[in-house]
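Note that my numbering has the sequence shown beginning at 542, numbered continuously upward. We treat Cβ as the ideally placed atom computed from N, Cα and C, and that holds for glycine. Owing to the predicted nature of the structure, the values given are computational and were not obtained by experimental measurement. Working notes, structure below.
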Amino acid sequence: MSRDLLPGVTGVLVLADGTVLQGVGVGAVGDAVGEVCFNTAMTGYQEILTDPSYMAQIVAFTFPHVGNVGTNVEDIEQMSGSAETAARGAIFRDVPTRPANWRADADLETWMTRRGVIGLAGVDTRALTRRIREQGMPHAVIAHNPDGQFDLDALQAKARAWNGLVGLDLAKDASCLQPFTYDEGLWDWNGGYAKAGDKPKYEVVVVDYGVKRNILRGLVSVGARVTVVPAKTTAEEILARNPDGVLLSNGPGDPAATGEYAVPEIRKLVESGKPVFGICLGHQMLSLALGAKTVKMEQGHHGANHPVKDLTTGKVEIVSMNHGFTVDRDSLPEPVVETHVSLFDGTNAGLALKDRPVFSVQHHPEASPGPTDSLYLFERFAGLMDQAK
Numbered sequence: 542m543s544r545d546l547l548p549g550v551t552g553v554l555v556l557a558d559g560t561v562l563q564g565v566g567v568g569a570v571g572d573a574v575g576e577v578c579f580n581t582a583m584t585g586y587q588e589i590l591t592d593p594s595y596m597a598q599i600v601a602f603t604f605p606h607v608g609n610v611g612t613n614v615e616d617i618e619q620m621s622g623s624a625e626t627a628a629r630g631a632i633f634r635d636v637p638t639r640p641a642n643w644r645a646d647a648d649l650e651t652w653m654t655r656r657g658v659i660g661l662a663g664v665d666t667r668a669l670t671r672r673i674r675e676q677g678m679p680h681a682v683i684a685h686n687p688d689g690q691f692d693l694d695a696l697q698a699k700a701r702a703w704n705g706l707v708g709l710d711l712a713k714d715a716s717c718l719q720p721f722t723y724d725e726g727l728w729d730w731n732g733g734y735a736k737a738g739d740k741p742k743y744e745v746v747v748v749d750y751g752v753k754r755n756i757l758r759g760l761v762s763v764g765a766r767v768t769v770v771p772a773k774t775t776a777e778e779i780l781a782r783n784p785d786g787v788l789l790s791n792g793p794g795d796p797a798a799t800g801e802y803a804v805p806e807i808r809k810l811v812e813s814g815k816p817v818f819g820i821c822l823g824h825q826m827l828s829l830a831l832g833a834k835t836v837k838m839e840q841g842h843h844g845a846n847h848p849v850k851d852l853t854t855g856k857v858e859i860v861s862m863n864h865g866f867t868v869d870r871d872s873l874p875e876p877v878v879e880t881h882v883s884l885f886d887g888t889n890a891g892l893a894l895k896d897r898p899v900f901s902v903q904h905h906p907e908a909s910p911g912p913t914d915s916l917y918l919f920e921r922f923a924g925l926m927d928q929a930k
């Protein structure tokens with residue numbers, strides 16, 4: 542592709558191989574490096590852009606019309622407000638539309654500017670998606686300059702110099718620094734987010750590798766008092782809180798890298814006999830702790846319309862997924878059982894131990910794309926805690 546920019550171009554995406562995609566800059570001014578992935582969701586762009594699992598990634602939205610519901614202060618998934626611990630950039634087919642929704646308090650572009658998220662609009666996202674499907678997720682730099690001046694060679698060099706996600710522990714940066722409690726439940730149409738009751742049924746400790754708020758809300762909704770602890774908290778410190786169960790959260794980066802300090806602690810939690818529930822990165826690191834392996838995917842799974850089969854019930858659910866690494870199903874040892882499988886490509890989407898109250902899923906049950914197809918997993922966790930009691 543020619544490196545000569547067209548008139549009016551204020552934003553570019555420069556891939557490590559020198560390919561330049563031109564368009565209109567949106568949101569924050571500047572540049573950011575990351576791995577480019579595509580997301581097939583038709584809704585939930587604010588939740589996607591604030592999901593810590595997208596840290597060090599640039600998200601290309603395949604749905605052409607983004608922005609119509611605006612943004613608000615309630616639909617932010619990360620616990621911190623910084624874009625440094627979530628998606629670094631966003632790519633759109635069209636310039637984001639003006640909001641037309643009663644919950645909106647800001648338009649998408651203004652919100653992106655405030656957060657420091659760089660956007661690029663006017664891109665052929667279908668062509669970009671096909672490229673990712675055929676060649677994998679590229680390293681790239683997304684840049685926005687209202688003056689239209691870009692040093693393309695320097696941007697390409699920056700993309701080429703970035704080492705990527707393999708071997709990168711990002712959970713330590715996405716995690717909280719100090720333990721805290723969380724008491725907000727799931728959103729209700731009439732009353733907003735519910736509050737936890739005065740007499741919780743369970744005490745749950747969440748190990749924060751980059752946790753999403755709605756995971757915490759899902760736990761509160763089944764009667765848990767939730768305590769969130771940093772990623773490097775030891776098993777001894779967690780068990781000293783005498784929890785009824787432990788949840789291993791989602792998060793960004795390479796599970797093997799985070800697992801260097803997390804896996805030994807997860808093994809101790811499993812051996813304790815306490816119910817353990819893992820989600821996304823937590824699922825991957827639990828698999829490592831149980832003796833399985835994880836591998837990098839070519840294009841990953843990113844969207845809110847992924848069919849997954851629950852092998853324990855035979856039911857198919859529509860789920861949200863966001864992961865660039867996967868558990869190698871052929872490496873699952875005894876006594877690990879595969880419980881869920883992706884119907885897109887057959888990759889592993891869940892596991893459980895035969896002899897302990899331990900299970901995990903690759904997808905995001907809290908994201909409600911079905912809209913409530915996977916919320917039963919929080920009830921399943923509660924059931925294990927009941928049995929343990």
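query                                                                                                                                                             : result
Since I believe Tyr734 is in contact with Ala765 (beta carbons under 8 Å), could you give me their beta-carbon distance rounded to a whole number of angstroms?   : Actually they do not touch by this definition, with Cβ atoms about 15 Å apart.
Between the beta-carbon of Lys837 and the beta-carbon of Val707, is there less than 7 Å?                                                                          : yes
Should Asn755 be labelled buried (16 or more other beta-carbon atoms within 10 Å of its own) or exposed?                                                          : buried
If you reduce the DSSP assignment to three classes, tell me which class Phe866 lands in.                                                                          : strand
Since Gln840 is in the beta strand (DSSP E), which residue starts that stretch and which ends it?                                                                 : 835-851
Comparing the CB of Tyr723 with every heavy atom of the ligand ZN, is any distance shorter than 6 Å?                                                              : Of the ligands one can find in the structure shown there are none, so the ligand ZN has no counterpart to examine.
Count the other CB atoms, across all protein chains shown, that sit within 10 Å of the CB of Ala641; report buried if there are 16 or more and exposed otherwise. : exposed
CA-CA distance, Lys850 and Gly865?                                                                                                                                : 20 Å
Does the stretch 544-562 come within contact of the stretch 677-692, defined as at least 3 CB pairs closer than 8 Å?                                              : yes
Counting pairs of Cβ atoms below 8 Å between the stretch 612-632 and the stretch 875-886, do you hit three or more?                                               : no
If you follow the alpha helix (DSSP H) that His881 is in, where does it begin and where does it stop?                                                             : Here His881 belongs to no alpha helix (DSSP H); instead the beta strand (DSSP E) covers 877-883.
Counting Cβ pairs, one atom from each stretch, are 3 or more of them under 8 Å apart for the stretch 861-876 and the stretch 808-815?                             : no
Excluding the 5 residues flanking Leu661 on each side, which residues of the same chain have their C-beta closer than 6 Å to its C-beta?                          : Gly552, Leu554, Gly564, Ile632, Ile683
Please name the residue, chosen from Gly549, Gln840, Ile659, that lies closest to Asp676 on a Cα-to-Cα basis.                                                     : In the sequence on display, residue 676 carries Gln and not Asp. Ranking the options by Cα distance to Gln676, first place goes to Gln840.
If you drop the 5 nearest sequence neighbours on each side, which residues of the same chain put their C-beta closer than 6 Å to that of Ser915?                  : Glu858, Val860, Pro906
If we count Cβ pairs, one from each stretch, closer than 8 Å, do we get three or more for the stretch 575-584 versus the stretch 597-605?                         : yes
Return helix, strand or coil for Pro741, following the three-state DSSP convention.                                                                               : coil
Rounded to the nearest angstrom, what separates Thr654 and Pro910 at their Cα positions?                                                                          : 27 Å
Only counting the same chain, and skipping five residues up and downstream in sequence, which positions put a Cβ closer than 7 Å to that of Gln825?               : Pro796, Thr835, Phe866, Val868
Taking 8 Å as the cut-off, does the stretch 684-703 touch the stretch 776-788 (at least 3 CB pairs, one atom from each stretch)?                                  : no
What distance in whole Å lies between the Cβ atoms of Glu618 and Lys736, which are believed to be in contact at a cut-off of 8 Å?                                 : Wrong, their Cβ atoms sit about 19 Å apart, outside the cutoff.
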